[in-house]
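In the working numbering, the protein residues as written are 71 to 529.
Right under this line is the structure:
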């Protein structure tokens with residue numbers, strides 16, 4: 071497995087612990103925004119929800135989800151038991167501790183079961199299962215209170231000191247040099263929900279708002295890039311940009327602009343510049359959100375903007391878009407390449423579709439009953455792609471079911487899997503028996519039309 075795939079795997083796992091619980095983070099953020107002393111409608115009674123939710127509810131949800139990812143519901147229970155230990159053993163919100171203890175406790179229970187279960191006498195399974203998770207989970211929880219909580223708190227303190235140092239030295243905008251390229255490698259969910267959401271949630275608990283929620287999720291830079299393609303791009307990229315703008319800016323699906331950057335990698339400079347403009351604006355204005363903006367659309371951003379932060383937040387979106395647009399415009403206008411890149415990309419997709427097996431696509435496609443459009447998180451871009459393909463499948467009269475899933479959720483019932491190019495190898499590892507096809511972007515109508523024609527020919 072390549073280093074890139076290993077990084078994506080770790081990042082995907084961190085993101086998968088947080089994303090299913092984003093609704094709880096938003097609920098906490100809205101309660102904080104309304105009921106703290108400086109909120110919209112201060113309330114001495116309802117503000118008592120804020121502390122327990124950030125201290126107990128959110129870490130326990132993350133710990134349970136992390137454990138469940140490793141070993142189902144049993145792993146989730148073990149993860150929650152271990153997580154409560156690090157929560158009690160520290161004095162700060164323990165999101166990182168939950169990300170560690172949830173999967174770790176589930177893994178320990180899983181290994182225990184693998185060793186012990188074959189030797190359990192018939193009729194004693196429930197007894198052993200219940201007491202094993204109680205004894206092992208309880209023991210880990212005690213150790214977490216005594217040792218792990220303080221160790222993780224020290225680690226978090228060191229990380230926080232590093233971020234605070236960047237802020238004090240006015241260098242936080244440099245984080246865009248790391249964030250923007252990582253997003254293009256489909257680490258956007260891992261960065262946002264695995265790193266900035268925990269940091270932002272802790273900061274909201276202290277000051278009532280956080281700029282960390284917008285470091286990765288700000289829709290401004292992506293808007294600027296797509297506007298530049300709409301006005302100065304060429305070929306298929308120029309024609310698809312207007313629709314991509316709506317999906318990105320209003321729908322919050324940032325993955326829609328990733329293929330544009332991958333097609334012309336030097337545009338990452340424009341994205342970094344826009345990201346730095348965004349972060350700099352937020353630092354100067356002190357603006358922030360009260361919870362994660364998920365998805366990262368301007369609508370979601372508006373709904374969770376902190377009281378008194380609307381000017382700064384909107385300004386960060388505008389300046390991020392303007393800076394990215396200007397730099398992208400210069401790079402596109404000085405680009406001497408022709409539409410051959412787009413044409414070759416389409417040819418490559420056709421070759422992949424035609425050569426999914428040595429025997430040819432007709433034989434393979436003849437037995438397809440389930441098509442899955444898969445992405446990192448299983449939401450957003452893949453959902454839109456699945457909807458587009460499903461409508462075309464129905465119009466063609468084909469008896470084929472179309473679903474969208476996360477790559478981790480692929481299984482043996484999936485006959486044909488469609489993923490973006492950088493994610494195809496991971497999808498093959500998860501579903502090795504399926505037919506795998508790579509796509510440039512999930513809203514490529516020509517791609518789906520070609521696939522449906524091949525399916526009709528095969529049927």
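For each residue, glycine too, the CB sits at the ideal point set by N, CA and C. This one's a predicted model, so the numbers in the text were calculated from it and none came from an experiment.
Original post:
Going by alpha carbons, who is nearest to residue 160 out of 471, 270, 213?
Top reply: The sequence position of residue 160 within the chain shown is 90, counting from 1. Ranking the options by Cα distance to residue 160, first place goes to 213.
Original post:
Looking at residue 376 and residue 94, is the spacing between their C-beta atoms short of 8 Å?
Top reply: Looking up residue 94 in the chain shown gives position 24. Looking up residue 376 in the chain shown gives position 306. Against a cut-off of 8 Å, the Cβ pair of residue 376 and residue 94 comes out as no contact.
Original post:
Do you know offhand how far residue 471's Cα is from residue 324's?
Top reply: Here residue 471 is taken as the residue at index 401 of the chain shown, counted from 1. Here residue 324 is taken as the residue at index 254 of the chain shown, counted from 1. C-alpha separation (whole angstroms): 26 Å.
Subject >> Within 8 Å, strictly: CB atoms of residue 156 and residue 207 >> reply: In the chain shown, the residue the question calls residue 156 occupies position 86. In the chain shown, the residue the question calls residue 207 occupies position 137. Between residue 156 and residue 207, the CB-CB gap reaches or exceeds 8 Å.
Original post:
Buried or exposed: residue 526, going by 16 or more other Cβ atoms within 10 Å of its Cβ?
Top reply: Residue numbering aside, residue 526 sits at position 456 when the chain shown is read from its first letter. Counting Cβ neighbours within 10 Å, residue 526 comes out exposed, since fewer than 16 surround it.
Subject >> residue 419 to residue 210 span [Cα, whole Å] >> reply: As a first step, residue 419 is located in the chain shown; it is residue number 349 there, counting from the start. As a first step, residue 210 is located in the chain shown; it is residue number 140 there, counting from the start. For residue 419, the pLDDT reaches just 44, beneath the cut-off of 50, and the residue's location in the model is therefore unreliable, although a value from the coordinates is still provided. Their Cα atoms are separated by approximately 50 Å.
**OP:** Determine the extent of the alpha helix (DSSP H) in which residue 212 is found, giving its start and end residues.
**Re:** Taking the first residue of the chain shown as position 1, residue 212 is located at position 142. Counting along the chain, the alpha helix (DSSP H) containing residue 212 begins and ends at 195 to 213.
Original post:
For the 8 Å Cβ check, are there 3 or more pairs between the stretch 342 to 356 and the stretch 388 to 399?
Top reply: yes
**OP:** Report, in whole angstroms, the separation of the C-beta atoms of residue 338 and residue 251, which I expect to be a contact under 8 Å.
**Re:** Indexing the chain shown from 1 puts residue 338 at position 268. Indexing the chain shown from 1 puts residue 251 at position 181. Indeed, because the Cβ distance is near 6 Å, the residues count as touching under 8 Å.
Original post:
Could you give the C-beta distance for residue 152 and residue 134, rounded to a whole number, given that I count them as a contact under 8 Å?
Top reply: Position 82 of the chain shown, counted from the start, is the residue given in the question as residue 152. Position 64 of the chain shown, counted from the start, is the residue given in the question as residue 134. No, residue 152 and residue 134 are not in contact; Cβ-Cβ is about 10 Å, not under 8 Å.
Subject >> Span of the beta strand (DSSP E), counted from its first residue to its last, around residue 374 >> reply: Against the chain shown, residue 374 aligns to sequence position 304. Where residue 374 is concerned, there is no enclosing beta strand (DSSP E), given that its DSSP letter is neither H nor E.
**OP:** Counting only the same chain and skipping the five closest in sequence on each side, list residues whose C-beta sits under 8 Å from that of residue 466.
**Re:** The residue given as residue 466 occupies position 396 in the chain shown. Excluding positions up to five away in sequence, the list reads 522, 525, 526.
**OP:** Taking all protein chains shown into account, decide if residue 286 is buried (16 or more other Cβ within 10 angstroms of its Cβ) or exposed.
**Re:** Position 216 of the chain shown, counted from the start, is the residue given in the question as residue 286. With 16 or more other Cβ atoms within 10 Å, it is buried.
Original post:
By how many angstroms is the C-alpha of residue 503 removed from the C-alpha of residue 443?
Top reply: Mapped onto the chain shown, residue 443 falls at position 373. Mapped onto the chain shown, residue 503 falls at position 433. Cα to Cα, the separation comes out at about 16 Å.
**OP:** Determine, using beta-carbon pairs with one atom in the stretch 350 to 362 and one in the stretch 309 to 321, whether at least three such pairs fall under 8 Å.
**Re:** no
Original post:
Is the beta carbon of residue 96 sitting closer than 8 Å to the one on residue 362?
Top reply: The residue given as residue 96 occupies position 26 in the chain shown. The residue given as residue 362 occupies position 292 in the chain shown. Going by C-beta atoms, residue 96 is nearer than 8 Å to residue 362.
Original post:
Just reading off the alpha helix (DSSP H) that residue 400 is part of, what are its end residues?
Top reply: Here residue 400 is taken as the residue at index 330 of the chain shown, counted from 1. That run of the alpha helix (DSSP H) goes 380 to 403.
Subject >> Where residue 442 sits in the DSSP three-state scheme >> reply: One-based indexing of the chain shown puts residue 442 at position 372. Here residue 442 sits in strand by DSSP.
Original post:
Apart from the five residues on each side of it in sequence, which residues of its chain come closer than 6 Å, Cβ to Cβ, to residue 180?
Top reply: In the chain shown, the residue the question calls residue 180 occupies position 110. Once the five neighbours on either side are set aside, the close Cβ partners of residue 180 are 141.
Subject >> Top-ranked residue by Cα proximity to residue 405, from 335, 373, 469, 436 >> reply: Here residue 405 refers to the residue found at position 335 when the chain shown is read from its first residue. When only C-alpha atoms are compared, the closest one is 335.
**OP:** Would you identify the three-state DSSP class for residue 470, choosing helix, strand or coil?
**Re:** On the chain shown, residue 470 is found 400 positions in, with the first residue counted as 1. Reduced to three states, the DSSP call for residue 470 is coil.
Subject >> Distance CB(residue 169)-CB(residue 137) smaller than 8 Å >> reply: Reading the chain shown from its first residue, position 99 is the one you call residue 169. Reading the chain shown from its first residue, position 67 is the one you call residue 137. If you check the CB distance, residue 169 and residue 137 do not come in under 8 Å.
Original post:
What does a CB cutoff of less than 7 Å around residue 62 pick up in its chain, not counting 5 residues either side in sequence?
Top reply: Limits of the chain in this structure are 71 at one end and 529 at the other, which puts residue 62 out of reach.
**OP:** Return the chain-ordered list of same chain residues with a C-beta closer than 6 Å to the C-beta of residue 488, the five sequence neighbours on each side being excluded.
**Re:** Indexing the chain shown from 1 puts residue 488 at position 418. These residues qualify, in order along the chain: 443, 507, 509.
Subject >> Pair within 8 Å by beta-carbon distance, residue 512 and residue 451 >> reply: In the chain shown, counting from the first residue as 1, residue 512 sits at position 442. In the chain shown, counting from the first residue as 1, residue 451 sits at position 381. Yes, the Cβ-Cβ distance between residue 512 and residue 451 is below 8 Å.
Subject >> Exposed unless 16 or more other CB atoms sit within 10 angstroms - verdict on residue 89 >> reply: For the purposes of this step, residue 89 is identified with residue 19 of the chain shown, where counting begins at 1. Per the 10 Å Cβ criterion, buried.
Original post:
What distance in whole Å lies between the Cβ atoms of residue 120 and residue 106, which are believed to be in contact at a cut-off of 8 Å?
Top reply: To locate residue 106, count along the chain shown from 1; it is residue 36. To locate residue 120, count along the chain shown from 1; it is residue 50. Going by Cβ atoms, the distance from residue 106 to residue 120 rounds to 6 Å, so yes, they are a contact pair.
Subject >> Own chain partners of residue 515 with C-beta closer than 8 Å, once the 5 adjacent residues on each side are dropped >> reply: Counting from one through the chain shown, the residue named residue 515 turns up at place 445. The answer, listed in chain order, is 458.
Subject >> Unbroken stretches of the beta strand (DSSP E), 3 residues or longer, contained in the stretch 121 to 203 >> reply: List check, beta strand (DSSP E) in window: nothing returned.
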